[in-house]
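Okay, structure first, notes after.
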Amino acid sequence: MSNVTVQARISENLKQDAEAVFSAIGMSTAEAIRLFLQQTVNSGGLPFQPTAKTPNADTLAAMNELEDGGGKTFSTTDDLFADWDS
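Per my numbering, the very first residue in the sequence shown carries number 10; after that it's consecutive.
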């Protein structure tokens with residue numbers, strides 16, 4: 010069976026971050042892509058549950074503070090930046 014080429018456009022940062030992960034586990038990007046495609050076929054769908062990026066602890070604390078009625082809110086970015094300068 011002959012091989013074909015698959016191309017995808019991604020950001021340079023995503024490529025570098027992913028390559029660092031693959032390298033740490035001894036895998037090339039091409040091997041990781043082949044593994045992903047094979048597992049997709051084997052499972053008949055995505056081989057993982059897609060998730061949204063989770064906010065860090067500081068962001069979650071700020072979100073909770075606002076939900077509890079605390080923190081500051083601003084009507085405009087000008088108001089926000091004016092508050093930073095004070």
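Note that beta-carbon positions come from the ideal geometry of N, C-alpha and C, so glycine has one too.
Query, Result
"Could you give the DSSP three-state label for MET10: helix, strand or coil?", "coil"
"Between the Cα of PRO6 and those of VAL15, GLN47, ASP26 and GLY78, spot the shortest distance and give me the residue it belongs to.", "No statement about residue 6 is possible, as the shown extent of the chain runs from 10 to 95 and does not include it."
"So what's ARG18 in DSSP terms, helix, strand or just coil?", "coil"
"So ALA91 and GLY80 are supposed to be a Cβ contact under 8 Å. How far apart are they, rounded?", "With a Cβ gap of about 17 Å, ALA91 and GLY80 do not count as contacting."
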